[in-house]
Structure formats: C-alpha cells, structure tokens
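Q: Numbering (the working numbering), first residue to last: 4 to 415.
(1) Less than 8 angstroms between the CB atoms is what I'm expecting for residue 90 and residue 349, so what's the real figure, rounded?
(2) Whose C-alpha, out of 342, 395 and 267, is nearest the C-alpha of residue 371?
(3) Where do the ends of the beta strand (DSSP E) carrying residue 90 lie?
(4) Does the pairing of the region 73-91 with the region 365-384 give three or more beta-carbon distances under 8 angstroms?
(5) Answer with buried or exposed for residue 271, where buried requires no fewer than 16 other C-beta atoms within 10 angstroms of its C-beta.
(6) If we count Cβ pairs, one from each stretch, closer than 8 angstroms, do we get three or more for the region 324-335 versus the region 272-281?
(7) Where residue 388 and residue 47 are concerned, what is the direct C-alpha to C-alpha distance, given to the nearest angstrom?
(8) According to the neighbour-count rule (16 or more other Cβ atoms, all chains shown, within 10 Å of its Cβ), is residue 402 buried or exposed?
(9) Rounded to a whole number of angstroms, what is the C-alpha to C-alpha distance between residue 102 and residue 256?
(10) Please report the distance separating the alpha-carbon of residue 369 from that of residue 378.
(11) For residue 267, which of helix, strand or coil comes out of DSSP?
(12) So, is residue 177 buried or exposed, given that buried needs 16 or more other C-beta atoms within 10 angstroms?
(13) Closest to residue 240 by CA distance: which of 100, 78, 123 and 200 is it?
(14) Buried or exposed: residue 107, going by 16 or more other Cβ atoms within 10 Å of its Cβ?
(15) Answer with buried or exposed for residue 316, where buried requires no fewer than 16 other C-beta atoms within 10 angstroms of its C-beta.
(16) Just to confirm my understanding: we take residue 117, look at its own chain, exclude 5 residues before and 5 after, and list those with CB closer than 8 angstroms. What are they?
(17) Taking the alpha carbon of residue 206 as the point to measure from, which residue in 165, 63, 151 and 109 has its own alpha carbon closest?
(18) Helix, strand or coil: which one does DSSP assign to residue 37?
(19) Taking the alpha carbon of residue 330 as the point to measure from, which residue in 353, 408, 143 and 305 has its own alpha carbon closest?
(20) What separation, rounded to the nearest whole angstrom, lies between the Cα atoms of residue 131 and residue 92?
(21) DSSP three-state call for residue 74: helix, strand or coil?
(22) Determine the burial state of residue 64: buried for a count of at least 16 other Cβ atoms within 10 Å of its Cβ, exposed for fewer.
(23) What residues in its chain sit with their C-beta under 6 angstroms from that of residue 295, if we drop five residues either side in the sequence?
(24) Quick one: which unbroken alpha helix (DSSP H) runs of 4-plus residues sit fully inside the region 118-177? Chain order, please.
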C-alpha cells in the first residue's frame, strides 16, 4: 500500500498534460492503461470506459463498443477524474491585485479568459469562484456563460460571486468605486438587514454559492486573521437568507472563533480555517462541514517564514502577520491532517498567478501530513460531494470529466 501511495504522489507531482471534458451527443470508448476512480485507495488497473452524451455508462475490462463509437486510446496513460479546485479567483493574479483600482472590467475579463485556459490545461475540469475581483461588476458570471457556450476554453465554473464583507473587513477595498457604483452598494455591508440585502443581490445575479468574510486576513491591510467581521446574529441571518434562496454558503475564516461562529450559523464549507483549534476541527467533523485549507497559499509561506526565508515581495503588513502566526499555522496544519474533518481541495489561485500549477497544492497537503490518497480524494470525489456535482469519480452515471497522464510504470 505504501508503494501505491507513493506512486500516486509521483503522478501528482508531474504536470497534467491532457484534460478531457466529454462533448455532448457523442459516444466514445476510453481505453485506460491504468486508472483510479476517485474513491478507491489505490490504482485499479486497465479499464475500458463507455461514455455516451458525456456520461459514464459502463466500466470494465471489456465494454460494449457501439457502432460508430470513437475509440480514445489512453492505453499508455493513467486516467483519473478531472481535478476540482474549490477556491480560485479567476479575475485575480499578482498584476491584477497590484493595479486593481486602475483596471476596468475588460482587463479583468481578459485576465479571466487566460486563467480559465491555464486552469483547464493543468487538469482542473471544475473550479469554484471564491470572490470576483471585478468588485461591483459580474465578470465571472460572464466568464461562466462564455465557457458554457463554448466561446472560451475553461473548466466548469461554480460561481461564488463577490465576497460579502464588513466595512473595513477582508474584502473591503477602501471605498473603491467602479462605473459609479460603490462596494457599499454591492457587498460591503453590516447588520442583519445589510447582510440579507447583500445575499439577495448576489442571488439576483445568478450566483451558485454565497461567500462572506467571517474574519480578517493576511493580505488585507486593516485587519488581522483573528479579527471578527460579523456577530453570531449577522452570520445566522446571512446563512438563513441564503438557505431560503437555495444557496449554500462558504466563509473566509482564519481565526478559531470566526470558524466556530460560521459553523454554528450553518455554512457548508470553511475556507482556510488555518488557525482552528483541535476542538473546533472536531466540531466541523461532527457537523459534516467541509474544510478547504488552501495550504499552498498560507502554510507554505508560513514554513518559509519559520525557516527565515521571508518573502520581501509581500507587503510589510503581510510579512509581519506571517512572522507572528507562522508557528501556529504550521501546528494547525498538522492538526488538520490528524482530524476527521472532510477536506476539499482549494488553492486560492488568483491571490498568486495562474502560471503556478494548482496541482502543487496536493504536494503541499501531503507535506503537512495529509495522506496522499486523502489529498487526491479532496481534489476529486470529496470536492464534487461538497459542490453537489455529478462528477469527481469515474463511476457509472457520473459526468466523464477526466485527466490523463503518462503512467511511469508503463514506460519502456
């Protein structure tokens, strides 16, 4: 078993070179030299996969080959479910964030088009948007429409809209105005009435999930990761308003108390949770709340900081926070690995450039003690479960979102 697990990690460390999102109205038989279904604890050997209209119909050593079916020969490849990144900012990137106030929607849309293609080419067939940097516009909504219409290349987008934030909170960009609209008119709100209005506004624009900032952060200048953005009453009202509209809620929360408040309110997933205590992690596990730890964006930097390698390209306020919290971040990451909490994969790509392959998050998770197969499931079947999508595993009835890579043991 250890050999199999190590082999899985080797595959993940290599860049994914092909992503297949099965086209509708098409019958194909995929010949997989070796495969993993997203559920088992190791590779499952050779398999043939019959796909009709983008859906997996049959899996076996030899499947029915209907007349006219396209044969996709991946007999020298290792086939897995398409990866799912549940925490991205498609309109982000270091250049965007450095010049956000000066960029218009067209520039952000172009950044998003580029991000979509890079994400798909890295093997991610589904992403969840975790905060549209168009601030008062709906660029990610338009990106999603363009992908679905086949106008641009990209992954399936689950749209989390804007991050609802308190005044001076994590996603309040200092009174930024675009197209004559202020953030206070869209997503920077306070009080029970304010958070309900923001939820309704996001839903009006067709988002799939509702996100809010429950705590401060490392990249925001006016708050800290343990600062609390909303009261329990406000969080309860926000989640209830979203629930009334059929929208699940995810929350940006670093500090332990913010995580606990959000869990009590009934969110579906915690983003980051990087300073969570052991009792709070146990609470998440008991409630069945998912954790998206984004360790590449947070914990990797903490490790470098703890080793004296401080990234001087970061703002001074971020460097100071990294120094202050490095030890606790590493300790909490170890506690996450030991916990029974449901982990879903997320990178926070967009706070760093999409030229960085998001698959590096898998290696970072393993580095922090998460078992390789658990990390893989976090990025496939567990992520799909959290998002309530009919994908994430190679099983009959699922959508045939697949990635394939040359399998080391099959090389001559």
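The beta-carbon is built from N, C-alpha and C at its ideal position, and this holds for glycine as well.
A: So, from the data block:
(1) The beta-carbon distance between residue 90 and residue 349, rounded to whole angstroms, is 3 angstroms. This is short enough to meet the 8 angstroms contact definition.
(2) For residue 371, the nearest C-alpha among the options comes from 342.
(3) From DSSP, the beta strand (DSSP E) with residue 90 extends over 86-91.
(4) The count of Cβ pairs closer than 8 angstroms, one atom from the region 73-91 and one from the region 365-384, reaches three, so the stretches are in contact.
(5) The residue in question, residue 271, is buried, as its Cβ has 16 or more Cβ neighbours within 10 Å.
(6) Yes, the region 324-335 is in contact with the region 272-281.
(7) So the alpha carbons of these two residues sit roughly 21 angstroms apart.
(8) Note on residue 402: 16 or more other CB atoms within 10 angstroms of its CB, so buried under the neighbour-count rule.
(9) Counting only the Cα atoms, residue 256 lies some 25 angstroms from residue 102.
(10) Rounded to whole angstroms, the gap between the alpha carbons of residue 369 and residue 378 is 7 angstroms.
(11) DSSP places residue 267 in the helix class (H, G or I) of the three-state scheme.
(12) With fewer than 16 Cβ atoms within 10 Å of its Cβ, residue 177 is classed as exposed.
(13) The option with the nearest alpha carbon to residue 240 is 200.
(14) Residue environment analysis places residue 107 among the exposed positions, since fewer than 16 neighbouring C-beta atoms fall within 10 angstroms of its C-beta.
(15) In this structure residue 316 is exposed. Its beta-carbon is surrounded by fewer than 16 other beta-carbon atoms within 10 angstroms.
(16) If you ignore the 5 residues before and after residue 117, its C-beta comes within less than 8 angstroms of the C-beta of 357, all in its own chain and listed in chain order.
(17) Closest option to residue 206, Cα to Cα, is 165.
(18) Residue 37: strand per DSSP, three-state reduction.
(19) Ranking the options by Cα distance to residue 330, first place goes to 305.
(20) Approximately 8 angstroms between the Cα atoms of the pair.
(21) DSSP places residue 74 in strand when its eight states are reduced to three.
(22) Residue 64 is exposed by the Cβ-count criterion.
(23) Excluding residues within five positions, the ones whose Cβ falls inside 6 angstroms are 89, 90, 272, 274, 347 and 349.
(24) The qualifying runs are 142-151.
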